[in-house]
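K.L.:
For our numbering, count along the sequence shown from 1 and bump the result up by 886. Virtual Cβ for every residue (Gly too), placed ideally from N, Cα, C.
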Amino acid sequence: MDVVVCVKQVPETAEAEIKIAPNSKTIETAGLVYDINEWDVYALEEAVRIKEKFGGHVTVVTVGSADVDSMLRKCLARGADRAVRVAYPNVSRLDPFLTAKILHAAIKEMHYDIILTGVQAGDDCYAVTGPIIAEMLGIPHATMVKKIELESGVARVVRELEGGWEEILEVKLPALFTVQTGINEPRYISIMGIRRAMQKEITVKNLAEIGLSSADINEDNGWLYMDKLFIPPMERKVEFLRGSPDEVAAKLVAILRSRRII
């Protein structure tokens, strides 16, 4: 059972101070720490578990410059057998369609039974790259998958819907699934895994080697165009009440009375 996993490097922004770049189209990247997208970690873990149960190989694929190779090493340490990077310097300027176009070109010549992606990327949250790849490849897909069971060329998957609902689908393989967090518990990277990863080769391909030209990936002809990135104005403010419990209670009552809530 050969599995291809599409991965992306994203900035860790949970505890970072985010600043808009002067061009108002991206964020300032100085000082940011980058790592594998959270949803992709779960997709990779699911792929490795499938390999461990059914045999086969796991290949991770990404688009980017050499600075993403450290992320690919971590993927190899987590259990991937091969890593492929399509060299492209301006990943931040690619919309989901152009990203999917590159990944499709890289994947279409590979042997795969399943393609896994994360539900979305933590930096842009478009959540459409996976389905676009599936459409380009002409294979079925399912999104928001939280469970995968495989038997006789068919995947039985559980999809997460809104309002706590779930949906069960039977999907004929090969197929693509976008994986939700919580589908598994990703393993820790072992020291031996890190050592093995450092000895493995990362395959780097340019656009021409996957059958594309720079004209095919014209950043000005994507489906989406970033007009402006901005932090919306705050419509409400947060006031922290400090003091002893009695003092905080008195302050809260005074505020509620001043606003005629009580």
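Once the 5 residues before and after proline 1072 are set aside, which same chain residues still bring their CB inside 8 Å of it?
P.N.:
The sequence position of residue 1072 within the sequence shown is 186, counting from 1. So the qualifying residues of the chain are Val927, Tyr928, Leu930, Glu931 and Arg964.
K.L.:
Measure how close the beta-carbons of asparagine 923 and glycine 1008 come, nearest whole angstrom, since I'm counting them as under 8 Å.
P.N.:
Translated into the one-based positions of the sequence shown, residue 923 becomes position 37. Translated into the one-based positions of the sequence shown, residue 1008 becomes position 122. Right, the Cβ-Cβ distance comes to about 5 Å (below 8 Å), so this counts as a contact.
K.L.:
What three-state label does DSSP hand glutamate 914 in the structure shown?
P.N.:
Within the sequence shown, residue 914 is the residue found at index 28, counting from 1. Secondary structure at glutamate 914: coil, using DSSP grouped into helix, strand and coil.
K.L.:
Quickly, what does DSSP pair proline 897 with across the bridge? List them, please.
P.N.:
As a position in the sequence shown, residue 897 is number 11, starting the count at 1. Answer is Tyr920.
K.L.:
Going by other Cβ atoms of all chains shown within 10 Å of its Cβ, with 16 needed for buried, is aspartate 981 buried or exposed?
P.N.:
Taking the first residue of the sequence shown as 1, we reach residue 981 at position 95. Looking at its Cβ environment, which holds 16 or more other Cβ atoms inside 10 Å, aspartate 981 is buried.
K.L.:
For the putative contact between valine 949 and threonine 1003, defined by C-beta atoms under 8 Å, what is the C-beta separation to the nearest angstrom?
P.N.:
The residue given as residue 949 occupies position 63 in the sequence shown. The residue given as residue 1003 occupies position 117 in the sequence shown. Not really, about 13 Å apart at Cβ, beyond 8 Å.
K.L.:
Since leucine 1093 and isoleucine 1077 are thought to touch, with beta carbons under 8 Å apart, how far apart are those beta carbons, to the nearest angstrom?
P.N.:
Counted from its first residue, the sequence shown places residue 1093 at position 207. Counted from its first residue, the sequence shown places residue 1077 at position 191. Actually they do not touch by this definition, with Cβ atoms about 37 Å apart.
K.L.:
Compute the beta-carbon to beta-carbon distance between lysine 1091 and alanine 992, rounded to the nearest angstrom, for a pair I have assumed lies under 8 Å.
P.N.:
Taking the sequence shown and counting its residues from 1, one reaches residue 1091 at position 205. Taking the sequence shown and counting its residues from 1, one reaches residue 992 at position 106. Indeed they touch by this definition, with Cβ atoms about 7 Å apart.
K.L.:
In three-state DSSP terms, what is methionine 1030?
P.N.:
Numbered from 1 along the sequence shown, position 144 holds the residue referred to as residue 1030. In the structure shown, methionine 1030 sits in a strand (DSSP, three-state: E or B).
K.L.:
Give me the DSSP bridge partner(s) of cysteine 892.
P.N.:
In the sequence shown, the residue the question calls residue 892 occupies position 6. Answer is Val947, bridged to cysteine 892.
K.L.:
With distance defined between alpha-carbon atoms, name the residue in Asn909, Ala900 and Gln895 nearest to lysine 1114.
P.N.:
Here residue 1114 refers to the residue found at position 228 of the sequence shown. The shortest Cα separation from lysine 1114 among Asn909, Ala900 and Gln895 belongs to Asn909.
K.L.:
Tell me the rounded alpha-carbon separation between tyrosine 1111 and leucine 1036.
P.N.:
For the purposes of this step, residue 1111 is taken as the residue at position 225 of the sequence shown. For the purposes of this step, residue 1036 is taken as the residue at position 150 of the sequence shown. Rounded to whole angstroms, tyrosine 1111 to leucine 1036 spans 39 Å at the Cα level.
K.L.:
Can the beta-carbon of valine 970 be found less than 8 Å from the beta-carbon of threonine 1064?
P.N.:
As a working note, residue 970 is residue 84 in the sequence shown. As a working note, residue 1064 is residue 178 in the sequence shown. No.
K.L.:
Quick check for students: name the residue ranges of the alpha helix (DSSP H) that lie wholly in the region 1067–1108, counting only runs of 4 or more.
P.N.:
Segments of the alpha helix (DSSP H) lying fully in the region 1067–1108: 1077–1085.
K.L.:
Output yes or no for whether 8 Å exceeds the beta carbon distance between valine 1044 and lysine 1032.
P.N.:
Reading the sequence shown from its first residue, position 158 is the one you call residue 1044. Reading the sequence shown from its first residue, position 146 is the one you call residue 1032. Yes.
K.L.:
Spatial neighbours of leucine 1055 within its chain, please: CB distance less than 6 Å, with the 5 preceding and 5 following residues excluded, ordered by chain position.
P.N.:
On the sequence shown, residue 1055 is found 169 positions in, with the first residue counted as 1. Cβ within range, chain order: Ala1028 and Val1043.
K.L.:
Using 10 angstroms around the beta-carbon of leucine 1062, count the other beta-carbons present and answer buried if the total reaches 16, otherwise exposed.
P.N.:
Numbered from 1 along the sequence shown, position 176 holds the residue referred to as residue 1062. Buried is the call here.
K.L.:
Quick check: arginine 968 and histidine 997, are their CB atoms within less than 8 Å of each other?
P.N.:
Along the sequence shown, read from residue 1 onward, the residue named residue 968 stands at position 82. Along the sequence shown, read from residue 1 onward, the residue named residue 997 stands at position 111. Not closer than 8 Å, so no.
K.L.:
Could you tell me whether the Cβ atoms of lysine 937 and valine 889 are closer together than 8 Å?
P.N.:
For the purposes of this step, residue 937 is taken as residue 51 along the sequence shown, with counting starting at 1. For the purposes of this step, residue 889 is taken as residue 3 along the sequence shown, with counting starting at 1. Yes, Cβ-Cβ distance for lysine 937 and valine 889 is below 8 Å.
K.L.:
Nearest by alpha-carbon distance to threonine 1089: which of Glu1105, Arg935, Arg959 and Gly917 is it?
P.N.:
As a position in the sequence shown, residue 1089 is number 203, starting the count at 1. Closest option to threonine 1089, Cα to Cα, is Arg959.
K.L.:
With glycine 1016 as the anchor, note down where its alpha helix (DSSP H) starts and where it stops.
P.N.:
Taking the first residue of the sequence shown as 1, we reach residue 1016 at position 130. 1015–1023 is the extent of the alpha helix (DSSP H) around glycine 1016.
K.L.:
Using the beta-carbon count (16 or more within 10 Å), is tyrosine 974 buried or exposed?
P.N.:
Taking the first residue of the sequence shown as position 1, residue 974 is located at position 88. Buried is the call here.
K.L.:
Can you name the start and end residues of the beta strand (DSSP E) that alanine 1122 belongs to?
P.N.:
In the sequence shown, residue 1122 corresponds to position 236, counting from 1. Going by the sequence as given, residue 1122 is arginine instead of alanine. Arginine 1122 -> no beta strand (DSSP E), and no H or E assigned at all.
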